[in-house]
Amino acid sequence: MQRIALFPGSFDPITLGHTDIIDRALDLFDEIVIGIGTNSSKTPMFSLEQRVQWIKDIYARTPKVKVLTYAGLTAKFCEEIGARFILRGIRGVVDFEYEKAIADVNRMMDNKLETVFLSCTPKYSTIASSLVRDVLKYGGDPTPLLPEQVLKHINR
Ligand code: ADP
Numbered sequence: 001m002q003r004i005a006l007f008p009g010s011f012d013p014i015t016l017g018h019t020d021i022i023d024r025a026l027d028l029f030d031e032i033v034i035g036i037g038t039n040s041s042k043t044p045m046f047s048l049e050q051r052v053q054w055i056k057d058i059y060a061r062t063p064k065v066k067v068l069t070y071a072g073l074t075a076k077f078c079e080e081i082g083a084r085f086i087l088r089g090i091r092g093v094v095d096f097e098y099e100k101a102i103a104d105v106n107r108m109m110d111n112k113l114e115t116v117f118l119s120c121t122p123k124y125s126t127i128a129s130s131l132v133r134d135v136l137k138y139g140g141d142p143t144p145l146l147p148e149q150v151l152k153h154i155n156r
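The sequence shown: position 34 = 34 (full-length UniProt numbering), numbered continuously.
Written out as structure tokens, the structure reads:
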């Protein structure tokens, strides 16, 4: 049976923190589906098409990584794509309680669904998409925060 993991999030935009988690999870799964959730209450800075395109560019040579968009329950989407695992990143204790609650609810929706947490590489522990958006909004240099494929587009 294929070990498929869903990595759900907003990826607005995808950061070096996200790619660190994805790259380190590659050996654990046969396929990683990056699922951009579209039912968040947050108004995104970047369009869905743009967020999808960046992820396609970054993982163009990594056939194990796919990108899809979804709305509705994460557990239901996992069933649709045959994913038994949800991948999430933990930056520190603040992330933990929130992530544990989400994992518990997802397991209530489907008790075969396991959430796998990877703790982030320390140098990326302060990176969050919301901080990246602030840096961009106020004209700061996002170079230490973003993959080159995203920087290339933003600097244009
Ligand atoms: P959400 O809107 O669900 O919080 P995000 O796109 O912000 O989605 O994050 C998706 C996942 O990536 C979450 O598990 C989050 O904890 C993780 N993540 C975000 N930034 C980092 C980082 N710097 N290091 C490790 N994991 C991260």
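For every residue, glycine included, the Cβ atom is placed at its ideal position computed from N, Cα and C.
Item                                                                                  : Value
The beta strand (DSSP E) enclosing residue 219, as first and last residue numbers     : What is shown of the chain runs 1 to 156, which leaves residue 219 out entirely.
Which of helix, strand or coil DSSP assigns to residue 92                             : coil
Nearest-angstrom Cα separation, counted from residue 152 out to residue 103           : 35 Å
Straight-line Cα distance separating residue 125 from residue 21                      : 11 Å
Between the CA atoms of residue 120 and residue 88 - distance to the nearest angstrom : 10 Å
8 Å Cβ cutoff met for residue 116 and residue 96                                      : no
In DSSP terms, what residue 7 is bridged to                                           : 34
Residue 71 burial status per 10 Å Cβ neighbour count (16 or more: buried)             : exposed
Residue from 146, 155, 79 with nearest C-alpha to residue 111                         : 79
Span separating the alpha-carbon of residue 16 from that of residue 106               : 26 Å
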